[in-house]
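Visitor: Here the sequence shown is numbered in our numbering, starting from 9 and rising by one per residue.
Note that the Cβ used here is the ideal one computed from N, Cα and C, for glycine as well.
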Amino acid sequence: MSDPSLVPTDFLWGAATSAYQIEGSPLADGAGPSIWHEFAHTPGRTRDGDTGDTACDHYRRYREDVALMGELGLNAYRFSVSWSRVLPEGRGRVNLPGLDFYQRLVDALLEQGIQPMVTLYHWDLPALLDRRGGWLNPDSADWFADYARILFRALDDRVKLWVTLNEPWVVVDGGYLHGVLAPGQRNIFAAPHASHHLLRAHAAAVQTYRAEGRHQIGLVVNLEPKYPATETPDDLAAALRADAYWNRYYLDPVFLGAYPHELAEIFGLAWPDFPAADLAMIRQPLDFLGINYYSRQVVQHDPDDWPLQASRVRQRRQTHTALDWEVYPQGLTEILEWVAQRYGALPLYVTENGAAFYDPPQADGAVDDPLRQCYLRDHLRAVLEARRKGVNLQGYFAWSLLDNFEWAYGYSQRFGLAHVDYATQQRTVKASGRFYAEVIHSQGAMLLPSAS
Ligand code: IFM
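(1) In this structure, what does DSSP give as the bridge partners for tyrosine 357?
(2) Can you tell which of Leu344, Ala330, Arg385 has its C-alpha closest to the C-alpha of alanine 364?
(3) If you follow the alpha helix (DSSP H) that tyrosine 351 is part of, which residue opens it and which one closes it?
(4) Flag this pair as yes or no: are the beta carbons of glycine 32 and glycine 60 separated by less than 8 Å?
(5) What is the C-beta distance between alanine 406 and tyrosine 444, in whole angstroms, given that I count them as a contact (C-beta under 8 Å)?
(6) Check whether the stretch 261-270 touches the stretch 379-386, taking contact to mean three or more Cβ pairs, one atom from each stretch, closer than 8 Å.
(7) Quick one: is the Cβ of phenylalanine 423 within less than 7 Å of any heavy atom of ligand 1?
(8) Relative to the C-alpha of phenylalanine 5, which candidate in Gln111, Asn255, His204, Glu345 has its C-alpha closest?
(9) What residue does the alpha helix (DSSP H) around glycine 78 start on, and which one ends it?
(10) Could you check what DSSP says for serine 13 in three-state terms: helix, strand or coil?
(11) Taking only runs of the beta strand (DSSP E) that begin and end inside the stretch 359-428, which ones reach a length of at least 3 residues, in chain order?
(12) Under 8 Å by Cβ, that's how I've got leucine 388 and tyrosine 404 pegged, so tell me the actual separation to the nearest angstrom.
(13) Can arginine 304 and glycine 265 be called in contact, C-beta distance under 8 Å?
(14) If you draw a straight line from the C-alpha of histidine 449 to the C-alpha of tryptophan 151, how long is it?
(15) How would you label serine 10, buried or exposed, when you count the other beta carbons within 10 angstroms and need 16 or more for buried?
(16) Would you say aspartate 243 and histidine 328 are within 8 Å of each other, going by their C-beta atoms?
(17) Applying the 10 Å Cβ sphere with the 16-neighbour rule, what's the burial state of proline 280?
(18) Would you report the Cα separation of glutamine 111 and proline 355, rounded to the nearest angstrom?
(19) Helix, strand or coil for glutamate 46, going by three-state DSSP, please let me know.
Here it is, written out as structure tokens:
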């Protein structure tokens, strides 16, 4: 790792956010409710009853936030569009003021020289579509493609990087299997159908883009390497099940045209026999793949764990974040190499990577966050290492630009490069944010061992 040219000048140095987590004003200017608006307003669903009603007030302060990105030296920003801002009922009538917000945001980014990466779906399905069955309705693929077409027609002249779905695994695991995220279902028979229709929706949007768009489209998945706790056959099999469920469930059908065989074992009678024509359709060529990486897991066979029968063995000697996620930077290099080797040499981006730690402002208002800074440094080094090993990695997006609404955890978990005082909406760049700015300024060279 001695050559700074390992990071080319067009490498994307970004930060990521999502609509419901930062925008606030969820019903402003004609927007319709999303499943997250309804879920967060249901007593007992989020910590302290927190909702995204105000969040970071980004809907009204987006110019300030784009200026902040400029201060950090970002050349890319990944954000998501709120479907129900654009289509209040999820289909049909377009809400022009909602669409206009994203037009203005994209223009403001481009004025600063910041390239937008736009995610079409980051978990906030229009509530009225959920009343029709949401992702369990086979028509959801068409609803999504129609919505995507509106965005492509409005923004593809300025947006060069599109993402269909963010982390379909989380949508299904949290929203349809365990019920801890919107729409709050806990139904093993529903979950495989939700994942299948999400994949069909992804593919339908890609097909629409091939007809309408001129740039690039991809998918974003969250990946987490799984290591067996011991070499016993039971633990080895448990690690394979966990790997199939977390890492191959969505990528195998997209790139290889088939679901991993372990899923039938995991879901048992609930696993349907999906039509071959669907699997052929899901296998649309992509321009890039985005990978969200946070942690790894060491797993053991565990008959009490439902439905995987594989549970995490906590690594007591390792650092853990405030969410108890093990800090394991080398896992990022490993998972990037694994993706390149298993699915081919398409361009990759790290589309999210970051950590929640408790780091309150000091008396003078500054926010020192040494643990997040170390996390960032070590994961950025893992990124350089992956490039050195030949992975075609073209950009890195820190999660997140701002502290924000961490779903069921509400505002209790802070991932931002900038601290947000939710009472005043004041943003303060943390030490980790300043560090990231220096890394970007040096084009990554300050991460090289010779520079430390
Ligand atoms: O905040 C989330 C984000 O919405 C999706 N990826 C993981 C982040 C941290 O949990």
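Guide: On the basis of the coordinates in this document:
(1) Gly298
(2) Ala330
(3) 338-351
(4) yes
(5) 6 Å
(6) no
(7) yes
(8) Because the chain in this structure spans residues 9 to 460, residue 5 falls outside the shown range and cannot be described.
(9) 66-80
(10) Low confidence applies here, because serine 13 scores a pLDDT of 46, under 50, leaving its location unreliable and the question unanswered by this model.
(11) 401-407
(12) 7 Å
(13) no
(14) 42 Å
(15) Confidence at serine 10 is low in this model, with a pLDDT of 48, below 50, so its placement is unreliable and no value can be given for it.
(16) no
(17) exposed
(18) 27 Å
(19) helix
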